[in-house]
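The sequence shown maps to residues 1 to 600 in the numbering used here.
By construction, the Cβ of each residue, glycine as well, lies at the ideal position given by its N, Cα and C atoms.
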Amino acid sequence: MSLDDEPKASFEKGYSWVDPVWKSGSVQVDDGEHIVRWEYSKQGSFAQNIYAWLDDVRFLTEEEIVQASLEALGFSGAVPLKFGDAGFWTVEKQGALDEEGALTINGLSRWEEGWIEATLTGPGYLDFHHKPTGQFEWGSVLRMELDGKPLIGSELFFPTDHLGSERGVIEIPEGEHKVKWAVESFNGTDGLMLGWVEFIQVERSEPELDLQPVSRDVEAPGFTFFEVEARRYPFPSYQWYRNDEPIENATARTLHLDNLWSEDEGTIKVVVSNELGEVVSDEVELTVMETLDETLADAIDFEDGKVISINFNDEIQPWKRHTSKSTDGEYSARAYSTSRDWFSEQFFAVQIEGSGYITFKWRLETGRTPDELEEFVLACTLDEEFFSSEENNMLAMHTDAKSNSQAKWIDNWAAIPEGMHTVYFTFMKDSEQMGRAYVDQLLFEPAKKGKPESVTVSASKTKIRLGEAFEVGVAKAIDFPIPKFQWKIDGEPIKDATNRVHRVERAWDFDAGNYTVVATNKHGSSESDSLTNEVLSDGAKLAEGLDVEGLLFATGGARKWTRSVVNGAEDSDAIKVTATSKFQESWVMTQVEGPGVVEF
């Protein structure tokens, strides 16, 4: 779509497995007469019966847009609205939660942000629903501000009964305040839909419950949430209880619980209070059902807790006991993903009471050496499943899948903090070839108080290609409290390298050296023996072909770049890469220290 022959918006056909959907577009028109043109073209496709559709064309003045926006948001005409930055806000009926439609932002380029701001007079509660408009949930992100200060927390993003929609609730204090919805597009195609907006003004009174919590049934090691509403002023505070004991840090309007096992069952209630009084909610039941997998526990030799196999997809095989491959000649746990399953995730969970340490062995196999676009991951995480895990929750990760004849069993060690915890084992495959993951000999050892001892480090390999990622990790550090870590190279501390695993995304010549780690707790410190890493490079030959001195070059991908004689090039040589196949890529890179200019 173009305005006066200048392109303004475009829509591309999605993948063949994605159902066609109506998409919205808009363009701002300045004073005077202008030509608006819609054009359809087909390029690079021999498919027949591909059509383009156009519907619901409207021309709106700025006043009409503001009035329609107020009606869609449910605000009166007395609420001032402002629009800013990139994109265009329009009212859409398609996909809205009611007949008035929803306010939708379109026209955002990649990484651009657009916002709408409303001025409200409190005290009151702002209640609204929102959902992304694109194919992917991550395509856009909503950021909220109150009087210019960012708002964060679960009150902005908790689930609803409406598919794809989340709900937010914001407390608006006394007086006049500005609320801003800001939307950023990550891919240049997705926006956000804002609807069912309600601003409820309140008066001073003691709390009264407008919504009581309800009982929940959950399958271990699952998650759930409880919710109450008590819209009064001064805004009330909350304290949730389980079996009449206060739950630590449970002081919000909603209660979110995860990693639930049968020990977490009981009665749930909340006390809601402000300076004028308090009210106690109904007591409701939290029921946790367990389906323990004793066969899987026996396969991994685990005797110190519970084991549950988790299956989100009935078409994907779960982890099972395997008899023909193990480290002790008996059994192991195996996850198998066929070549028909181009993407799969398989999980099992273990309940462990710390503090202490776990040791285990695992192995990762595939039919052939994966290329750069294929991914095989075997992960061990603490209290979070792999796809949602933060770096601090990653206990161990294995990504170097090998063929059956080359794969080896790898020893692992990880610290478990004090208290009851859930350890997740995940095999994730993103490839059209088959994959197998094995876990065996999972053992737990309680921790003893004292200075760190037996501090050792390890790496899957110590000879690294220039530009390749590598990791060094703590293989063992026996002590309690669980220590903090500081990595060093050639005796010098590495900035921000304080996790159990130190990862370098692109190894360079200065990453070669002797690595050690210092483990520290309140009883003292210990430093490991050193581990020597080499960084291998033929980058000097590439630099010669590129007529540059003082720089190194790494190459990778489907095909390698090589130095070659070529007519017409500077000094009669250059570097070249041979033809790659469809969806393949080959790259060459260097590192420079600015400021300056790179010419080529």
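Between the options, which has its C-alpha nearest residue i's C-alpha?
i, options, result
"Gly-101", "Pro-80, Gly-84, Leu-70, Ala-299", "Leu-70"
"Leu-536", "Arg-506, Lys-522, Gly-550", "Arg-506"
"Ala-401", "Gly-107, Asn-499, Leu-382, Gly-367", "Gly-367"
"Val-179", "Phe-186, Leu-156, Ser-165", "Leu-156"
"Pro-648", "Asp-383, Leu-142, Asp-573, Ser-586", "With the chain running from 1 to 600 in the structure shown, residue 648 is simply not present."
"Trp-362", "Ser-332, Ser-339, Phe-386, Asp-341", "Ser-332"
"Ala-569", "Ala-415, Leu-551, Ser-586, Phe-600", "Phe-600"
"Ile-300", "Asn-311, Ser-324, Arg-334", "Arg-334"
"Ser-10", "Asn-106, Pro-173, Ser-324", "Asn-106"
"Gln-94", "His-129, Val-36, Ile-35, Trp-22", "Trp-22"
"Asp-161", "His-322, Lys-131, Ser-262", "Lys-131"
"Gly-491", "Arg-503, Asn-514, Arg-500", "Asn-514"
"Asp-98", "Ser-2, Asp-5, Gly-74, Phe-386", "Gly-74"
"Leu-373", "Lys-429, Ala-414, Val-504, Pro-20", "Lys-429"
"Ala-415", "Asp-371, Thr-462, Gln-406, Val-474", "Val-474"
"Glu-208", "Val-183, Asn-187, Ile-247, Val-271", "Val-271"
"Phe-633", "Arg-110, Asn-249, Phe-347", "Missing from the structure shown is residue 633; the chain here goes from 1 to 600 and no further."
Report yes if the C-beta distance between residue i and residue j is below 8 Å; otherwise report no.
i, j, result
"Thr-580", "Ala-558", "yes"
"Ala-72", "Leu-103", "yes"
"Leu-192", "Thr-133", "yes"
"Glu-265", "Leu-292", "no"
"His-421", "Ile-410", "no"
"Phe-624", "Asp-190", "No statement about residue 624 is possible, as the shown extent of the chain runs from 1 to 600 and does not include it."
"Val-284", "Val-214", "yes"
"Ser-273", "Ser-237", "yes"
"Pro-483", "Ala-512", "no"
"Pro-481", "Lys-522", "yes"
"Met-589", "Gly-467", "yes"
"Val-307", "Ile-358", "no"
"Gly-556", "Trp-587", "yes"
"Glu-112", "Ala-86", "yes"
Output the boundary residues of the beta strand (DSSP E) element that contains residue i.
i, result
"Ser-564", "561–565"
"Tyr-424", "410–430"
"Glu-166", "166–185"
"Phe-553", "From DSSP, Phe-553 is part of no beta strand (DSSP E); its letter is neither H nor E."
"Ile-116", "113–132"
"Ser-332", "332–337"
"Thr-381", "375–382"
"Met-1", "Careful: Met-1 lies outside any beta strand (DSSP E) and carries neither H nor E."
"Leu-81", "81–85"
"Lys-448", "Per DSSP, Lys-448 belongs to no beta strand (DSSP E) and is neither H nor E."
"Pro-236", "It is not in any beta strand (DSSP E) - Pro-236 carries neither H nor E in the DSSP assignment."
"Glu-285", "284–289"
"His-398", "394–398"
"Val-270", "266–274"
"Ile-308", "306–310"
"Phe-360", "343–366"
Hey, quick one: how far does the alpha helix (DSSP H) through residue i stretch, first residue to last?
i, result
"Gln-67", "62–73"
"Ala-299", "294–299"
Might you give, ordered along the chain, the residues of its own chain that have their beta carbon closer than 8 Å to the beta carbon of residue i, omitting 5 neighbours on each side?
i, result
"Val-202", "Pro-123, Gly-124, Tyr-125, Arg-231, Arg-232, Tyr-233"
"Ser-339", "Gly-367, Glu-432, Gln-433, Met-434"
Using a Cβ-Cβ cutoff of less than 7 Å, which residues in the same chain neighbour residue i once the five nearest sequence positions on both sides are dropped?
i, result
"Pro-607", "The structure shown does not extend to residue 607, since the chain spans only 1 to 600, so no value can be given for it."
"Glu-453", "Ile-478, Asp-479, Ser-526"
"Thr-327", "Lys-361, Trp-409, Asp-440, Gln-441"
"Asp-147", "His-177, Lys-178"
"Ser-24", "Thr-90, Glu-92, Thr-104, Asn-106"
"Thr-323", "Tyr-331"
"Gln-212", "Val-228, Ser-281, Asp-282"
Excluding the 5 residues preceding and the 5 following residue i in the sequence, name in chain order all residues of the same chain whose CB lies nearer than 6 Å to its CB.
i, result
"Leu-276", "Glu-206"
"Lys-576", "Ser-564"
"Arg-465", "Leu-536"
"Phe-470", "Ile-464, Val-504, Ala-507"
"Tyr-241", "Lys-269"
"Ala-407", "Arg-363, Glu-365"
Could you confirm whether any beta carbon from chain C is found closer than 8 Å to the beta carbon of residue i?
i, result
"Val-577", "This model lacks chain C altogether, as it is built from one protein chain only."
Touching or not, the segment 217–225 and the segment 196–209, by the rule of three or more beta carbon pairs under 8 Å? Using a Cβ-Cβ distance cut-off of 8 Å, the segment 217–225 and the segment 196–209 are not in contact, since fewer than three pairs of beta carbons, one from each stretch, lie closer than that value.
Contact between the segment 450–461 and the segment 364–380 is defined here as three or more beta-carbon pairs at a separation below 8 Å; is this criterion met? At 8 Å Cβ cutoff, the stretches do not touch.
Inter-stretch contact at 8 Å, needing at least 3 Cβ pairs: the segment 318–330 / the segment 280–298: Verdict: yes, contact present.
Using a Cβ distance threshold of 8 Å, determine whether the segment 433–453 contacts the segment 347–365, with at least three qualifying pairs required. Taking a cut-off of 8 Å on C-beta distances, the segment 433–453 touches the segment 347–365, as three or more cross pairs fall below it.
I'd like to know if the segment 561–569 and the segment 494–505 are in contact, where contact means that at least 3 CB-CB pairs between them fall below 8 Å. Too few Cβ pairs lie closer than 8 Å, so no.
Taking 8 Å as the cut-off, does the segment 76–83 touch the segment 106–119 (at least 3 CB pairs, one atom from each stretch)? With three or more CB-CB distances shorter than 8 Å, the segment 106–119 counts as touching the segment 76–83.
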